[in-house]
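This report refers to the structure that appears directly beneath it.
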Amino acid sequence: MDMLRYCGRGSRVLFRAASNALGSNKHHTRHILIMQQPTINFKPKYTQPITLDALLELDPGFITAEISRLENSINHLTRSNSDLLMAEKEEDDAAERKVFVLAREENEDVIESQRERITMMKLALNQMLGIDSDNPHYAKDKARGEGGDDRTIPRADPVRREPTSSDEDVGVFV
Numbered sequence: 016m017d018m019l020r021y022c023g024r025g026s027r028v029l030f031r032a033a034s035n036a037l038g039s040n041k042h043h044t045r046h047i048l049i050m051q052q053p054t055i056n057f058k059p060k061y062t063q064p065i066t067l068d069a070l071l072e073l074d075p076g077f078i079t080a081e082i083s084r085l086e087n088s089i090n091h092l093t094r095s096n097s098d099l100l101m102a103e104k105e106e107d108d109a110a111e112r113k114v115f116v117l118a119r120e121e122n123e124d125v126i127e128s129q130r131e132r133i134t135m136m137k138l139a140l141n142q143m144l145g146i147d148s149d150n151p152h153y154a155k156d157k158a159r160g161e162g163g164d165d166r167t168i169p170r171a172d173p174v175r176r177e178p179t180s181s182d183e184d185v186g187v188f189v
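See below:
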């Protein structure tokens, strides 16, 4: 029976229980084989606040939450760029239009840097867990809407019930 376990720094450890027959004695041996996954050679284009090696030390849940946060930020920056473009088209003054152009360019740089950081995080998740982090199954709080758009699923508020006269002596109501 083979069992695959994952441990720190992206290593995989395979425990194999093997049984060997030596003469009339049956001898069970346990072999431990350590397979280091290939090192990812990733050179970021933008200066990032964290390295790929440091990401491999973080909890996968933290990484997926950070990916969601960055994706939300990218969505807001993209909407902001649309608004800036509309304002630029409505502006008559060339100097003012230039301000809108520069703001959009700065947003685009931030978007590309955040996309690169998301790529780094997905590479780290893939190395740590051996999963395809682009698989929509692992998307946090997202659902595919009509036409393929991503929509955040609203969280349901807890249902509150008013106590009735028969409930007065029973339980705690919040």
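First residue of the sequence shown? That's 16 in this note's numbering, and the numbers climb one at a time after it. Glycine included, every Cβ here is placed at the ideal spot set by N, Cα and C. Every value quoted in this text rests on a predicted model; they were computed, and no experiment measured them.
Problem set entry | Three-way DSSP call (helix, strand, coil) for Pro75 in this model | helix
Problem set entry | As assigned by DSSP and simplified to three states, the class of Thr66 | coil
Exercise. Got a sec: is the Cβ-Cβ distance from Asn141 to anything in chain C below 9 Å?
Worked result: Although the question refers to chain C, the structure presented lacks it and comprises just one protein chain.
Exercise. Counting Cβ pairs, one atom from each stretch, are 3 or more of them under 8 Å apart for the segment 64-73 and the segment 125-144?
Worked result: yes
Problem set entry | N-terminal and C-terminal residue of the alpha helix (DSSP H) that Phe115 is part of | Ala109 to Leu144
Exercise. Hey, Ile133 and Ile82 are a contact pair by Cβ (cut 8 Å); roughly how many whole angstroms apart?
Worked result: 5 Å
For this session: Assign Ile78 to one of two classes, buried (16 or more other C-beta atoms within 10 Å of its C-beta) or exposed (fewer than that).
Result: buried
Problem set entry | Whole-angstrom distance between Leu67 and Met143, CA atom to CA atom | 11 Å
For this session: Count the other C-beta atoms from every protein chain shown that fall within 10 angstroms of the C-beta of Phe57, then say buried if there are 16 or more, exposed otherwise.
Result: exposed
For this session: Would you mind sorting Arg119 into buried or exposed? The rule is 16 or more other CB atoms within 10 Å of its CB.
Result: buried
Exercise. Does the beta-carbon distance from Phe115 to Glu103 come in below 9 Å?
Worked result: yes
Problem set entry | Cβ distance (whole Å) where Gln129 is taken to contact Leu99 below 8 Å | That pair is no contact at about 17 Å.
Exercise. Run through DSSP, which three-state label would Lys58 get?
Worked result: coil
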